[in-house]
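What follows is a short report on a single structure.
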Amino acid sequence: MKLFEYQARGLLRAHGIPVPRDELTRDPDTAAAITERMGGTSVIKAQVLAGGRGKAGGVKLVRSPEEARAQAARILSMEIEGMRVEKVLVSEAADIAHEYYLGIVVNRNARRAEIVFSAAGGIDIEEVARTSTDRIARIPIDPFGGIDEAAVRAGLGPSFPGEGLLDDAVSIVRKLYALFTEKDCSLVEVNPLVRTGGGELLAVDAKIVIDDNALAKHPELVSLRNREEYGDDELDAQAAGLSLVGLDGSIGCMVNGAGLAMATMDLIKHFGERPANFLDVGGSSNPQKVVDALGILLRNRNIKAILMNIFGGITRCDDIAKGVILAREKIEIPVPFVIRLIGTNEELGRAMLVDAGFHAYNDLSEAVQRVIEAARTGR
């Protein structure tokens, strides 16, 4: 789950990391009033779930309320990477003496988190990471022992002259890691972390990504979920208790279990086609889930055929069959529909489907080849 900058700043503040004052608005006149309260100077920042806002013109320093009103109106009329700007953050302008990059990310290859730091922070950090890897420091974090403070001091020391400034930087690293672990983040990034002319450190911009799978542990974060990150189908699937990720293929997939879904998609690719989605109906035997899932899949006009692959453990195949029959009574299924059903009560389930005029397979490879043929021929 990606957060807007203003949401990420809120979490940084809650963990004691210094952040400039700011207020959120959707109205240019309000942006002007906020700027006046801040002394006549502010930074107007587009709030979109995309990078490259500065280069796109979505971040502007203004030096009067009138300029704030004009820039806010301009930014609120923009699209950045196809995303409409619907709100802006009016932030106190920082007295920037130097910009750093500081992040904590999951290194999947090393199976641990790591601190990523560069003294060359700012809008060109991606270019620095691509062309000057020697300017990027990576400090591993022990998943059991936590941060090695001596290693952090050694890595950051040359960039923060003076013991007091280094103490402040190490303190921010410690607080960032606390946020990273407490909220089950996959990314916490501050870019830039600014050293002001007065020698203070400020987190001027932040990006936070939270592991969706951990949201059940954090009900306080669910309200931060942003509709802009998800399509309507994905949101409706979440509301129905389904896990859906849209893809760009032509074979609709409805599967019970994430591992089986991945295996099904791999087999579709193996036989020369592409899946249109990942959809896990879960392990329950609720026929309504099949109805909901089919209804959502059929909105996708790119789908040429649908494969339902059910391995019945907790899930009862006869309940799945009821769901399929119920779905056909409620909604039209205008594309070929291939079913693979195996497991608990499989014979009863397949018999019910055959009686209702469906064809059900028990061999997965056979079912996948059949759905691909159906997608290509329409039969």
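Residue numbers are given in numbering that gives the first Met the number 0: position 314 of the sequence shown equals residue 313, and the series is strictly consecutive.
Quick reminder that beta carbons are idealized off the backbone N, C-alpha and C, glycines included.
Here the structure is a predicted model, which means the values were calculated and not measured.
Run of the alpha helix (DSSP H) containing Thr-24, from where it starts to where it stops
First-last for Thr-24: 21-24, but that is the beta strand (DSSP E), not the alpha helix (DSSP H).
Does the distance from the CB of Tyr-5 to the CB of Gln-46 come in under 8 Å?
yes
According to DSSP, residues forming a beta bridge with Val-196
According to the sequence shown, residue 196 is Gly rather than Val. DSSP links Gly-196 through a beta bridge to no other residue.
Only counting the same chain, and skipping five residues up and downstream in sequence, which positions put a Cβ closer than 7 Å to that of Lys-206?
Ala-7, Leu-186, Glu-188
In terms of alpha-carbon separation, which member of Asn-190, Gly-196, Leu-23 lies closest to Ile-122?
Asn-190
Shortest alpha-carbon distance to Tyr-438 belongs to which of Ala-31, Val-254, Ala-118, Thr-132?
The chain is shown from 0 up to 378; residue 438 falls before or after that span and cannot be answered.
Anyone know if the C-beta pair for Asp-388 and Asp-183 falls short of 8 Å?
With the chain covering only 0 through 378, there is no way to say anything about residue 388.
According to DSSP, is His-380 helix, strand or coil?
Not covered by the structure: residue 380. The range shown for the chain is 0 to 378.
Please look up how many angstroms separate the CB atoms of Leu-193 and Ala-93, rounded, as I've assumed it's under 8 Å.
The sequence shown places Val at residue 193, not Leu. At roughly 5 Å, the Cβ-Cβ gap stays under 8 Å, so Val-193 and Ala-93 are in contact.
Using beta-carbon positions only, say whether Asn-276 and Gly-245 come within less than 8 Å of one another.
yes
Identify the continuous beta strand (DSSP E) that holds Phe-179 and give its terminal residues.
Note, Phe-179: premise wrong, no beta strand (DSSP E); alpha helix (DSSP H) at 162-181.
Going by alpha carbons, who is nearest to Phe-159 out of Leu-214, His-97, Arg-298, Leu-347?
His-97
Grouping DSSP H, G and I as helix and E and B as strand, with all else coil, what is Gly-248?
coil
Run through the segment 236-315 for me and flag every whole beta strand (DSSP E) of 3 or more residues, listed as ranges in chain order.
242-245, 250-254, 276-279, 304-311
For a minimum of 3 consecutive residues, which ranges assigned as the beta strand (DSSP E) are wholly contained in the segment 44-127?
58-61, 87-90, 95-106, 111-117
At least 3 beta-carbon pairs within less than 8 Å: the segment 46-57 vs the segment 79-89:
yes
When the Cα of Val-18 is compared with those of Pro-218, His-358, Thr-195, which residue comes out closest?
Thr-195
Where does the unbroken alpha helix (DSSP H) through Pro-27 begin, and where does it stop?
27-36
Can you tell me the Cα-Cα spacing of His-370 and Ala-109, whole angstroms?
Note that residue 370 corresponds to Val in the displayed sequence, not to His. If I take the Cα positions, the gap works out to 39 Å.
Measuring CB atoms only, is the segment 319-326 touching the segment 258-270, in the sense that at least three cross pairs come out at less than 8 Å?
no
Whose C-beta lies closer than 8 Å to the C-beta of Gly-197 among residues of the same chain, with five residues either side of it excluded?
So the list reads Asp-94, once near-sequence residues are dropped.
So, does the segment 21-37 touch the segment 63-78, judging by three or more C-beta pairs under 8 Å?
yes
Is the CB-CB distance between Ala-374 and Ile-250 below 8 Å?
yes
Please determine if the segment 137-145 and the segment 215-226 are in contact, where contact requires at least 3 C-beta pairs separated by less than 8 Å.
Touching, no.
From the DSSP output, read off the bridge partner residues of Pro-139.
Glu-113
For Val-42 and Gly-396, the rounded distance between their alpha carbons:
Residue 396 lies beyond the residue range present for the chain, which begins at 0 and ends at 378; the question has no answer from this structure.
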